[in-house]
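As you go down the protein sequences, you meet chains U and Y in turn.
Every letter in the first sequence is one number past the one before it in the numbering used here, and letter 106, counting from 1, is 106.
Every letter in the second sequence is one number past the one before it in the numbering used here, and letter 80, counting from 1, is 80.
Built from N, CA and C at the ideal position, the CB exists for glycine as well.
Here's the structure we're looking at; comments come further down.
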Amino acid sequence: MDTMTKNARIREKQKVQLKGAEAVIQSLLAEDVDTIFGYPGGAIMPVYDSLFDYTDRIHHILVRHEQGAIHAAQGYARATGKVGICLATSGPGATNLITGLADAMIDSTPLVCITGQVASHLLGSDAFQETDVVGVSMPVTKWNIQVTRAKDIPAAMAKAFYIARSGRPGPVLIDITKDAQFGDLEFHYESCEKLRSYNPCPAPAPHAIRRAAELINQARKPFLLVGQGVILSGAEKELTTLVEKAGIPFGWTLMGLSAMPTDHPLNMGMLGMHGNYAPNIKTNECDVLIAVGMRFDDRVTGDVNRYANQARVIHIEIDQAEINKNIHADVPVIGDAREVLEELIPLVEENDHTAWIDEFHALRKVEEEKVCQAELFPDKEGLTMPEIIRRISESSQGEAVLVTDVGQHQMAASRYFGFSATRSNVTSGGLGTMGFALPAALGAKLGVPQREVVAVIGDGGFQMNLQELATIRQTNAAVKIVILNNNFLGMVRQWQQLFFDRRYSFTEMQNPDFVKLGEAFGIPSRRVTGRDHADEAIAEMLSADGPYLLEVMVEKEDNVFPMVPSGAAVSEIRLS
Amino acid sequence: MKTHKYTISVFTENFIGLLSRITLIFTRRHVNIESITVSESEVKGVHRYTLVVKTSEDVVRRIVQQIEKQVEALKAFYYREEEIIHQEIALYKISTKFLDGQHNLEQLIRDNHARMLSVENEYLVIEKTGHKQETQQLLEQLQPFGVLEFVRSGRVSISKRMKDLSQYLDELETEIQARVEAGKNH
Numbered sequence: 001m002d003t004m005t006k007n008a009r010i011r012e013k014q015k016v017q018l019k020g021a022e023a024v025i026q027s028l029l030a031e032d033v034d035t036i037f038g039y040p041g042g043a044i045m046p047v048y049d050s051l052f053d054y055t056d057r058i059h060h061i062l063v064r065h066e067q068g069a070i071h072a073a074q075g076y077a078r079a080t081g082k083v084g085i086c087l088a089t090s091g092p093g094a095t096n097l098i099t100g101l102a103d104a105m106i107d108s109t110p111l112v113c114i115t116g117q118v119a120s121h122l123l124g125s126d127a128f129q130e131t132d133v134v135g136v137s138m139p140v141t142k143w144n145i146q147v148t149r150a151k152d153i154p155a156a157m158a159k160a161f162y163i164a165r166s167g168r169p170g171p172v173l174i175d176i177t178k179d180a181q182f183g184d185l186e187f188h189y190e191s192c193e194k195l196r197s198y199n200p201c202p203a204p205a206p207h208a209i210r211r212a213a214e215l216i217n218q219a220r221k222p223f224l225l226v227g228q229g230v231i232l233s234g235a236e237k238e239l240t241t242l243v244e245k246a247g248i249p250f251g252w253t254l255m256g257l258s259a260m261p262t263d264h265p266l267n268m269g270m271l272g273m274h275g276n277y278a279p280n281i282k283t284n285e286c287d288v289l290i291a292v293g294m295r296f297d298d299r300v301t302g303d304v305n306r307y308a309n310q311a312r313v314i315h316i317e318i319d320q321a322e323i324n325k326n327i328h329a330d331v332p333v334i335g336d337a338r339e340v341l342e343e344l345i346p347l348v349e350e351n352d353h354t355a356w357i358d359e360f361h362a363l364r365k366v367e368e369e370k371v372c373q374a375e376l377f378p379d380k381e382g383l384t385m386p387e388i389i390r391r392i393s394e395s396s397q398g399e400a401v402l403v404t405d406v407g408q409h410q411m412a413a414s415r416y417f418g419f420s421a422t423r424s425n426v427t428s429g430g431l432g433t434m435g436f437a438l439p440a441a442l443g444a445k446l447g448v449p450q451r452e453v454v455a456v457i458g459d460g461g462f463q464m465n466l467q468e469l470a471t472i473r474q475t476n477a478a479v480k481i482v483i484l485n486n487n488f489l490g491m492v493r494q495w496q497q498l499f500f501d502r503r504y505s506f507t508e509m510q511n512p513d514f515v516k517l518g519e520a521f522g523i524p525s526r527r528v529t530g531r532d533h534a535d536e537a538i539a540e541m542l543s544a545d546g547p548y549l550l551e552v553m554v555e556k557e558d559n560v561f562p563m564v565p566s567g568a569a570v571s572e573i574r575l576s
Numbered sequence: 001m002k003t004h005k006y007t008i009s010v011f012t013e014n015f016i017g018l019l020s021r022i023t024l025i026f027t028r029r030h031v032n033i034e035s036i037t038v039s040e041s042e043v044k045g046v047h048r049y050t051l052v053v054k055t056s057e058d059v060v061r062r063i064v065q066q067i068e069k070q071v072e073a074l075k076a077f078y079y080r081e082e083e084i085i086h087q088e089i090a091l092y093k094i095s096t097k098f099l100d101g102q103h104n105l106e107q108l109i110r111d112n113h114a115r116m117l118s119v120e121n122e123y124l125v126i127e128k129t130g131h132k133q134e135t136q137q138l139l140e141q142l143q144p145f146g147v148l149e150f151v152r153s154g155r156v157s158i159s160k161r162m163k164d165l166s167q168y169l170d171e172l173e174t175e176i177q178a179r180v181e182a183g184k185n186h
């Protein structure tokens, strides 16, 4: 028997008769999926029925709302680097995923979402729970597809996984009609390794790398910006080598947090609207700006017309569409961050820029004196968000995964939490989705159960997805939940104070008793109102074996500073 | 913001929903599509979109980058008017009651290099291909005859550049294959 026939026979043997629904599960197994987040319903019932035979190999988390499922899948993906999986039914099940899709799209999080759909003969008939989810999700997915025949399921799944995780990752959605789930097929799974029309990871151009190295070697005041691309490409080590070899100070974006240890001597802090003082000021003084795996979001740049005009800009980025989108790049280097840095390192000369770095340190001192001192060691009675964050960070030795929601607490946490390992920051960056943190923390904890996961959430955002407390209880995921409660939508209130003449239009909240609420869900809960019990309560929370909810009453009308007001240049950052 | 007329050519796989994905890119940026046509190209299985927009170069460049980012889009280009050969087709339905010897329709058709497609008892159909101003001019000249119906197609265009689609496709295929072999196509 020649090899070809033999291989053909083996392939033939691998083909098994399956229903479409089981092919979905087999495809997940072929992609090494072991955890999925979902919620059953009419149009996805065949898949759920099939899943029931695989509970030993796939851990399905029954959430309490599909939005909870997708944020949990995001948290899982961000903490592990793997693709997050969601399962939902048609109509409302599918539309409840939309916010999470938009969030994952803008924050480049790899997700595969599988939705059930009405039977194909009912498509377009306004059938019960029919929504054109492929149409609705188009602007918020990297790719999506509707499958109406069982035999198309394996190839669609393979393509979906490939697209979700390759290049700049993103969410994909597969909508499978009920008849396709019931239909028969000869199952054979072949993972996807390329598509003719899709070049996810272009080879970096050698001349661009040479030019970048020249600029870096000539630079007297270089400054490097670390984006999430560093984490997504696994370039943490290469980045460390580069900045240490060339002595380049760096700042990180909100999404780049934890790519390097917080206490790295070259780390100058967070960029952007509520970032640190020095990196914002120095952005407009450096001579060469090296952006790695970031997209110059408006929250990072402030006024683009007054952003780093004095500098030559090197933009290392895998997504070609980001080049010259917001900020002109003098040297665009298109490619995977790790690959580019690997090639760049040997061309970069050893250097140090001590005097330049001292300028950052001088500004850091200004920020410490004018902002941090009062925030960390307040002389007033009320607790501040930063002092609580700092206590949690120190008590967990910076080893925890920090999951944040959106608003003042998010900025305080991002500025004051100390990270020691990569993939330790899970937050909703680009979309700013309130309600993200609680389910995302659940997903993160299930993804990295050996790590401490602390969710820091405001009182507003907590109430947007608090139903997931039930999921946390049911899974017994040891998520540590910290509600920083100021009984206000703090960030909006801050803007109202600063830019809308203190007209606090609908930002004050009458909140439920969060401790009783936590207890109602069976989660040990505690409230802290004063400084004297804070440390002890945090220790109790961190030593709890299961989930724990800690409500901390913080000062009602504190503001987050520094701040780059919208429309201002980054160098116009305000300290008060 | 200086605006110009730009013609965008997009080469794609034949994939349901891609048309929506492409038009969404314009809608999201509040750019109106003046015309759009889709057809097969000279390469089997590859579809070709021709879109006309009036906007600034900055905006059209970003739009084209976003189009090319779509998974099923193979290649996208944008051109100024002088960089392409383009054409539109127009059909005019005219009532036969003006064929009374008083109106010189023959001369009009000759002068405009138009042609008669169909003649029926009550109407006739004239066809004219050309640039928009040419088909527009004929429309105005036919008004005295009573134009019962008028329709103009979207623009189709060919670039003056000599590099053809198959060369771009070959380059893309070679690059992707090289990345696959290097284990880096992910």
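query	result
Mind listing the chain C neighbours of V180(Y)? Cutoff is C-beta to C-beta under 9 Å, in chain order.	Given the protein chain composition of this structure (U and Y), no chain C is represented.
Take every Cβ of the segment 263-279 of chain U, pair it with every Cβ of the segment 563-570 of chain U, and state whether three or more of those distances are shorter than 8 Å.	yes
Any C-beta of chain Y sitting closer than 8 Å to the C-beta of S166(U)?	yes
Using a C-beta cutoff of 8 Å, does M105(U) count as contacting chain Y?	no
K163(Y): buried (16+ other C-beta within 10 angstroms of its C-beta) or exposed?	exposed
How do the segment 411-419 of chain U and the segment 267-276 of chain U stand: do at least 3 beta-carbon pairs fall below 8 Å, yes or no?	yes
Going along chain Y, which residues have a C-beta under 8 Å from M138(U)?	G17, S20, R21 and L24
What residues from chain U crowd round Q65(Y), counting only those whose CB sits closer than 8 Å?	Q320, A321, I323 and K325
Is any beta-carbon of chain Y found at less than 8 Å from that of P200(U)?	yes
Going straight from the alpha carbon of T301(U) to that of Y307(U), what length do you get?	6 Å
Are the C-beta atoms of E339(U) and some chain Y residue less than 8 Å apart?	yes
Using a Cβ-Cβ distance under 8 Å, would V71(Y) count as near chain U?	yes
What does a CB cutoff of less than 7 Å around E236(U) pick up in its chain, not counting 5 residues either side in sequence?	V230, A259, M260 and T422
Cutting at 6 Å between CB atoms, please list the residues of its own chain near T262(U), excluding the five before and the five after it.	G418 and F419
Taking V125(Y) as part of the beta strand (DSSP E), name the residues at either end of that continuous run.	Y123 to G130
Can you find the residues in the same chain that come closer than 7 Å, C-beta to C-beta, to L99(Y), ignoring five residues on each side of it along the sequence?	L105
Bridge partners for T12(Y) per DSSP, in chain order?	H47(Y) and A73(Y)
DSSP three-state label for N267(U), please.	strand
Within 10 angstroms of its Cβ, does P204(U) collect 16 or more other Cβ (buried), or is it exposed?	buried
List, in order along the chain, the chain Y residues whose C-beta lies closer than 7 Å to that of I163(U)?	V71
Report the neighbours of R28(Y) on chain U: residues whose CB is nearer than 9 Å to its CB, in chain order.	P139
List the endpoints of the continuous alpha helix (DSSP H) containing K159(U).	I153 to R165
From L62(U) to N465(U), what does the alpha carbon distance come to, in whole angstroms?	14 Å
What I want to know is whether the C-beta of V313(U) ends up closer than 7 Å to one or more non-hydrogen atoms of the ligand ADP.	Looking for the ligand ADP in the displayed structure turns up nothing, as the structure carries no ligands at all.
Could you compute how far the alpha carbon of A164(U) sits from the alpha carbon of F77(Y)?	26 Å
Which bits of chain U does R62(Y) rub up against, with CB to CB less than 9 Å?	A321, N324 and K325
Taking a contact to mean a Cβ-Cβ separation below 8 Å, would you say V426(U) touches A444(U) in this structure?	yes
What three-state label does DSSP hand Q87(Y) in the structure shown?	strand
Measure the alpha-carbon distance for T135(Y) versus M116(Y) and round it to whole angstroms.	14 Å
Between N185(Y) and chain U, is there a C-beta pair that is closer than 8 Å?	yes
Relative to the C-alpha of I70(U), which candidate in T55(U), Y48(U) and T115(U) has its C-alpha closest?	T115(U)
Start and end of the beta strand (DSSP E) containing V151(Y)?	V147 to R152
So, does the CB of G135(U) fall closer than 8 Å to a CB anywhere in chain Y?	yes
Does I8(Y) have its Cβ less than 8 Å from a Cβ in chain U?	no
Hey, could you find the ends of the alpha helix (DSSP H) P46(U) is sitting in?	M45 to L51
Chain U beta carbons: is any one of them nearer than 8 Å to that of E173(Y)?	yes
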